[in-house]
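**Q**
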Amino acid sequence: MSSSSTAAPSLSKLQKIQELESNYLLQNYGRYPLALDRGKGVYLYDVDGNKYLDLLSGIGVNSLGHNHPRISKVIRDQSAKLLHTSNLYYHEFQGKLAKKLVEVSGMDRAFFCNSGTEAVEGSLKIARSHGHKISPEKYEIISLENSFHGRTFGALSVTGQPKYRADFEPLLPGVKFIERNDEAALEAAFSERTAGIIFEGIQGEGGILPVSESFFAKARALCDQHNALLIHDGIQCGVGRPGKYFSYQLLSQPILPDLIAFAKPISCGLPMGGILMSQKAADALGTGMHGTTFGGGPLVCRVALEFFDILDDLLPQMVRVGEYFREELRGLQAKHGFIKEVRGAGLMIGVELDIVGKQMVNDGFENGLLFNCTHETVLRFLPAYILKEKHVDKAIKGLKKIFSKY
Ligand SMILES: Cc1ncc(COP(=O)(O)O)c(C=O)c1O
158 MSSSSTAAPS LSKLQKIQEL ESNYLLQNYG RYPLALDRGK GVYLYDVDGN
208 KYLDLLSGIG VNSLGHNHPR ISKVIRDQSA KLLHTSNLYY HEFQGKLAKK
258 LVEVSGMDRA FFCNSGTEAV EGSLKIARSH GHKISPEKYE IISLENSFHG
308 RTFGALSVTG QPKYRADFEP LLPGVKFIER NDEAALEAAF SERTAGIIFE
358 GIQGEGGILP VSESFFAKAR ALCDQHNALL IHDGIQCGVG RPGKYFSYQL
408 LSQPILPDLI AFAKPISCGL PMGGILMSQK AADALGTGMH GTTFGGGPLV
458 CRVALEFFDI LDDLLPQMVR VGEYFREELR GLQAKHGFIK EVRGAGLMIG
508 VELDIVGKQM VNDGFENGLL FNCTHETVLR FLPAYILKEK HVDKAIKGLK
558 KIFSKY
């Protein structure tokens, strides 16, 4: 039998995966042409064995990198014992994790759920319920332009970017958007009808943009004056990412929110979210008013406890490496006029360009680097907390090559 010279070329592993997905999966994601197979530390490997330095960690989720020996061990151990209980029963890890979170945040109570958007939903419900107890007219929420709080209806209603909202209008009534750091607009937006205000300490998806200390302080004062709740979205800028447990701890004066929504890094890649709250906020939500089937299961809680055990010692390294990364990026800024600004805190880093950055993300693949571009012009780096200076040096070497093309 002669071999046929007309046979169609066989598909690569990536093409096979792409073909299957394009036939059967909802086409709501615009994926990069990269199929990942495994990870180790700060490195990822694709299905063909190519190695990448992961500077995005699954959009800020794989906090201890990939395949961390202590996390893998805890997952193995707990999965052989008990995965899920529902919230009908107790297990030993929810209370321990709540205590840890309360201690590091200055809040009074914790609630666990499964994702960031769900943490925002719960926070909005608490603000609404707090308002209702005072007056049925007290239901307004203030939020910021350019913010991102999630994809479910409540979270979308307070997300200040029309491109995410437009197809789903009408959304929740009573949401007012103001510009980040515009204190006059903040004051004008508040009234006795305000139930709460929500903002990220550092806008993530919006381009690594911090809320100023005086804006934060003003929001706190206005919430106190109008008996409204301050909701801090710490989903991207929290749980260690900014070099502190939460970004409000970077402020020179201590200011506490009433509610903190958290998610992404807390369970090292397992889906987990939650809300931390003051007793005043907790008083707005009685038994039976909110809940979830999956939230706070024994596996995710135990992994999060292990994560905190490691994080406590990692924070100083994260601050040091983050600062080093920004310094090195500023070195590149001095050579490349298209870099407008390098900013961020801890291991949450943005490089603002005056050109569109999408192609640079693709160039990153060729140079073994994973990062992304948000808001068209901001290269975003959210590496794992275990990143070291030697990894930064590798990143800078690759970025030098990429930037030299522009
Ligand atoms: C600040 C912020 N809030 C909320 C969310 C929504 O989180 P999730 O995608 O887990 O629902 C995100 C996700 O990127 C976020 O960055």
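All letters in the sequence shown, in the order written, are residues 158 to 563 by the numbering used here. Glycine included, C-beta positions come from ideal geometry on N, C-alpha and C.
DSSP beta-bridge partners for N529?
**A** R537
**Q** Please classify T450: is it buried, with 16 or more other beta-carbons within 10 angstroms of its beta-carbon, or exposed?
**A** exposed
**Q** Give the secondary structure of P319 by DSSP, where H, G and I count as helix, E and B as strand, and everything else as coil.
**A** P319 carries a helical assignment under DSSP once its states are collapsed to helix, strand and coil.
**Q** Contact between the stretch 529 to 544 and the stretch 501 to 510: three or more CB pairs below 8 Å?
**A** yes
**Q** My assumption, with CB atoms under 8 Å, is that K421 sits in contact with V218. Please give the rounded CB distance.
**A** 5 Å
**Q** Entirely within the stretch 435 to 462 and at least 3 residues each: give me those beta strand (DSSP E) ranges in chain order.
**A** Runs found: none.
**Q** Using a Cβ-Cβ cut-off of 8 Å (strictly less than) and excluding sequence neighbours within five positions of L568, which residues of its own chain qualify?
**A** In the structure as shown, the chain starts at 158 and stops at 563, and residue 568 therefore has no counterpart that could be examined.
**Q** Is the CB-CB distance between C270 and G454 below 8 Å?
**A** Not closer than 8 Å, so no.
**Q** Helix, strand or coil: which one does DSSP assign to I559?
**A** helix
**Q** Note down the Cα distance separating S569 from S169, rounded to an integer number of angstroms.
**A** The structure shown has nothing for residue 569, since the chain only spans 158 to 563.
**Q** In three-state terms, what does DSSP make of A312?
**A** Looking at A312 - three-state DSSP - the assignment turns out to be helix.
**Q** In this structure, what does DSSP give as the bridge partners for Y202?
**A** Y202 is bridged to R195 and K208.
**Q** Based on Cα-Cα distance, which residue from V476, G479 and L462 lies nearest to E249?
**A** Per the Cα distances, L462.
**Q** V332 lies in the beta strand (DSSP E); which residues open and close that run?
**A** Per DSSP, V332 belongs to the beta strand (DSSP E) from V332 to I335.
**Q** How is the alpha helix (DSSP H) around H383 delimited, first residue to last?
**A** E370 to H383
**Q** Among all the DSSP beta bridges, which residues are the ones paired with V499?
**A** Paired residue(s): V508.
**Q** Opposite H389 in the DSSP bridges: which residues?
**A** F356 and I417
**Q** So, under 8 Å CB-CB, F565 and T316 are touching, yes? Tell me the CB distance rounded to an integer number of Å.
**A** Here the chain covers residues 158 to 563 and nothing more, so residue 565 does not appear.
**Q** Evaluate S159 with the Cβ neighbour count: other Cβ atoms within 10 Å of its Cβ, from every protein chain shown; 16 or more gives buried, anything less gives exposed.
**A** In this predicted model, S159 has a pLDDT of only 42, less than 50, meaning its place in the structure is not dependable; the value taken from the coordinates is given anyway. That one is exposed.
**Q** Going by C-alpha distance, which of V499, L468, Y181 and G363 is nearest N564?
**A** Nothing can be reported for residue 564: it is not among the residues displayed for the chain, which extend from 158 to 563.
**Q** When the Cα of S243 is compared with those of V457, E485, P540 and V513, which residue comes out closest?
**A** V457
**Q** Please go through the same chain and pick out, in chain order, the residues whose beta-carbon is closer than 7 Å to the beta-carbon of E546, but skip the five residues on each side of it.
**A** V478 and Y481
**Q** Would you mind giving the Cβ-Cβ distance between S214 and L539, rounded to the nearest angstrom? I have them listed as a contact below 8 Å.
**A** 6 Å
**Q** Count the other CB atoms, across all protein chains shown, that sit within 10 Å of the CB of Y189; report buried if there are 16 or more and exposed otherwise.
**A** Under a 10 Å Cβ-count criterion, Y189 is classified as exposed, with fewer than 16 other Cβ atoms of the shown protein chains found around its own Cβ.
**Q** Assuming L468 contacts G400 (C-beta within less than 8 Å), just tell me the rounded distance between them.
**A** That belief does not hold up - the Cβ atoms of L468 and G400 are roughly 11 Å apart, past 8 Å.
**Q** Would A438 and D415 qualify as a contact pair, given that the criterion is a beta-carbon distance under 8 Å?
**A** yes
**Q** Determine the direct distance from the alpha carbon of S409 to that of A374, and round the result to whole angstroms.
**A** 11 Å
**Q** Between which two residues does the beta strand (DSSP E) harbouring R266 extend?
**A** R266 to C270
**Q** So is the beta-carbon of Q393 under 7 Å away from any non-hydrogen atom of ligand 2?
**A** As for ligand 2, it is missing from this structure, which binds only ligand 1.
**Q** Compute the beta-carbon to beta-carbon distance between M475 and Y542, rounded to the nearest angstrom, for a pair I have assumed lies under 8 Å.
**A** 5 Å
**Q** Taking the alpha-carbon positions, what's the G222 to D211 distance?
**A** 8 Å
**Q** Consider the Cβ of Y296: report whether some Cβ of chain B lies at a distance smaller than 8 Å.
**A** Looking for chain B here will not work: only one protein chain is present.
**Q** Once the 5 residues before and after L544 are set aside, which same chain residues still bring their CB inside 7 Å of it?
**A** V199, V478 and L504
**Q** With C-beta atoms as the reference, is S179 less than 8 Å away from I417?
**A** no
**Q** When DSSP labels each residue in this structure, what does L281 get in the three-state scheme?
**A** helix
**Q** In chain order, what residues of the same chain lie with their CB nearer than 7 Å to the CB of D194, ignoring the 5 residues before and after it?
**A** If the five residues before and after D194 are omitted, its C-beta is found closer than 7 Å to the C-beta atoms of Y202, D203 and V204, all from its own chain and listed in chain order.
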